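If you count by mature numbering (1 follows the signal peptide of the UniProt record, and there is no 0), then the sequence shown holds residues -19 to -1, 1 to 461, one letter each, in order.
So the structure is just underneath, and the comments pick up after that.
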Amino acid sequence: MERLLFLLAVLQLLAATAAVYKQWIPNTNFETASNWDKGRVPCARDVVHFEKDKVVSVFVRSPHALTDMYLPLSGEFVLAAGAAFTAFDGSWDPGCDSGGTVRFADAEHHAWFDPTLWQDVLPGGELKAAGPVFSVDEERVPCRYDDVIFQPQTSFRVDTDSSQPVIHLRSVSVMGQELNTPSSWAAYLGGPSAPLQFHGNGTLQVTGTGCPDKSGCACGNTLDGPRICAALLRASGRQCPEPACQSPLQPLGHCCGVCGATINLDFTPDFDLQKYQDRLVQELLSQPKYAGVQMAISKVHKAQTFLGVLPRGATPLIQIVLVDDRAGGQAGTAAEQLAADIMESIAQHGEALGISSGKMEVAAGSTASGQVGSHPVSRITAGTVMGLLFSLLLLGGILFLYRKGKLRSLQMLTLERRHQKISRFSTSTLCTMQVRQRPDGVTRAGGRQHCPGGTTTPQPPQPLTSLLVGFKSHITPGGI
């Protein structure tokens, strides 16, 4: 019994270490200065104005005296213990010399799929320390097995517009209460606050289950990738920064090209993503020469095609993205060296780690990307396939005409129309063929025939088929 309890405790610890917690940053609290158009919290001489057609949920932490307040038609004030609103009695307020109208800012534009509005935290809500491991852009937004935290004693409003009807999560914590079962989450959605906090066409659904596969689980935000990138580009000037390397890499799930290296791993059932990540951090990334290198590692699904053109599903693989802080001609060179060390380690220990193969792509410094299957190769492959398809159609057409008995007459008609483009020797052969085609259908050839502009050409008797073959062999390079 004690051994069973010990195993359960170990499993719970592993689940806790593998879980990912993402915390929502914005809030709609009354005491947050950035929530007001004047950049400050209203004081006693102010008139507070909420837009009447805006839906809001506002948490109030402390008491406030105000001259006047205009409320929205739909909304709520969540009052902490001791919080209240009172009318200003005209007494002197040292922090409020002159009053005015202070308007509550619009919170409708805070989107769920904006990576800049989320941060990684520890299970207790403390901010996670920066380290050598980062996430590609699609994974900076909560993934389907992540835990979402809205900070205790805060109100919020989130736009959940999505390209997928349901947004799956492991759990959601609101006002300090963790909701980690479908039933508890459904009960919360049925309460008065949820419609004021969440709006949009996407529905949040809590499953209560983490990733069941030790090789990792894909994030699940691919359909909303364009929405994620649009939000990032709005925050950075609507365009990706200019990379320092030629032909930058484009990792799956990332919005902009990067200098550095990517490694795609094929894996076996023995592969453990968390253990392999820890191994890379401890054995390689911790080395002083890689101090400026950052790594993202996760399971992704790469689209597969038949002959480079026809889609045929997606294949799971482990993607490693390596970038560094070097600039100019040195950009990505440290990441390139680390990628080479990882590939060497895979060659030595890959089988024991559950790695069946790996492919590295590099874009560093002023050199062009060493991508395998880059865009030019894809274009060549596509052209080859299209040429092959055209050839098959052409051969099929020729076979169809041959079976219908129209191929021979078509050849003769073409030769007669183009006889001026054929050399003298070939024209003589054409004339010989024409005189062999007797009206009575006999295919024997013989006799003499005068060709226009030429001399009489004696020909020994031979079958018409042989003459046709002979004609083809006598076409000069400047012929048809």
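Glycine included, each C-beta is placed from N, C-alpha and C at the ideal position.
This structure is a prediction, so every number in the text was calculated from the model and none was measured.
- Gly273 and Glu89 have their C-alpha atoms spaced approximately 38 Å apart.
- At a Cβ-Cβ threshold of 8 Å, Ile148 and Leu246 do not count as neighbours.
- Going by DSSP, His90 is part of no alpha helix (DSSP H) at all; its letter is neither H nor E.
- DSSP, reduced to helix, strand and coil, places Gly339 within a strand of the structure shown.
- As the crow flies, the alpha-carbon of Pro44 is around 36 Å from that of Leu150.
- Below 8 Å, too few C-beta pairs join the stretch 63 to 79 and the stretch 90 to 97 to call them touching: fewer than three.
- If you draw a straight line from the Cα of Ser228 to the Cα of Thr296, it is about 25 Å long.
- Judged by DSSP secondary structure, Tyr169 falls within the alpha helix (DSSP H) whose first and last residues are Pro163 to Leu170.
- Counting C-beta atoms within 10 angstroms of its own C-beta, Lys280 has 16 or more neighbours from the protein chains shown and is therefore classed as buried.
- Per the Cβ contact rule, the stretch 126 to 140 is in contact with the stretch 174 to 190 (3 or more Cβ pairs under 8 Å).
- Per DSSP, Leu177 is one residue of the alpha helix (DSSP H) stretching across Ala175 to Gln178.
- If you ignore the 5 residues before and after Leu54, its C-beta comes within less than 6 Å of the C-beta of Lys33, all in its own chain and listed in chain order.
- Sixteen is the threshold: when 16 or more other Cβ atoms of the shown chains lie within 10 Å of the Cβ of Thr314, as they do, the residue is buried.
- Per DSSP, Leu265 lies in no alpha helix (DSSP H) segment and is marked neither H nor E.
- Between Ser79 and Glu57, the C-beta gap is not smaller than 8 Å, which leaves the two residues out of contact.
- Note on the stretch 118 to 166: whole beta strand (DSSP E) runs with a minimum of 3 residues are 128 to 131, 147 to 150, 152 to 155 and 158 to 160, in chain order.
- Taken through DSSP and simplified to helix, strand or coil, Leu303 comes out as strand.
- Straight across, the Cα-Cα distance linking Gln100 with Ala68 is about 39 Å.
- Setting aside the 5 residues that flank it on each side, Ser152 is surrounded in the same chain by Asp128, Val129, Glu159, Leu160, Asn161, Val187 and Gly189, each with a C-beta closer than 8 Å to its C-beta; the list follows chain order.
- Of all C-beta pairs linking the stretch 133 to 149 to the stretch 218 to 235, fewer than three are shorter than 8 Å, placing the two stretches out of contact.
- Note on geometry: alpha-carbon atoms of Val304 and Asp259 lie some 18 Å from one another.
- DSSP assignment within the stretch 10 to 62 yields no whole alpha helix (DSSP H) run of 4 residues or more.
- Per DSSP, the continuous alpha helix (DSSP H) segment holding Thr314 begins and ends at Thr314 to Leu334.
- Here the stretch 314 to 326 lies against the stretch 235 to 253, with 3 or more beta-carbon pairs under 8 Å apart.
- The beta carbon of Cys24 sits closer than 7 Å to the beta carbons of Asp74, Gly76 and Cys77 from its chain, once the five residues preceding and following it are set aside; these are given in chain order.
- DSSP, reduced to helix, strand and coil, places Thr188 outside both helices and strands of the structure shown, so it counts as coil.
- Cβ-Cβ separation between His282 and Ala199: approximately 5 Å, consistent with a contact (criterion under 8 Å).
- Judged by DSSP in its simplified three-state form, Gly238 adopts coil rather than helix or strand.
- Annotated as proximal: Val302 and Met276, with beta-carbon spacing under 8 Å.
- Nearest neighbour of Glu325 by Cα position, chosen from Leu261, Trp5 and Phe179, turns out to be Leu261.
- The Cβ atoms of Leu103 and Trp5 do not sit closer than 8 Å to each other.
- Shown here for Phe115: same chain residues with a beta carbon closer than 6 Å to its own, the five before and five after excluded, namely Gln275 and Ala277 in chain order.
- Residues of the same chain with a CB within less than 6 Å of the CB of Asn182, apart from the 5 flanking positions on each side, are Asp142 in chain order.
- Cβ-Cβ distances below 6 Å link Val41 to Phe11, Phe58, Leu60 and Ala64 in the same chain, with the five nearest sequence neighbours on each side left out; the list follows chain order.
- When DSSP states are grouped into helix, strand and coil, Ile6 belongs to the coil group.
- The closest CA to that of Gly346, considering only Pro207, Leu334, Ala333 and Gly310, is found on Gly310.
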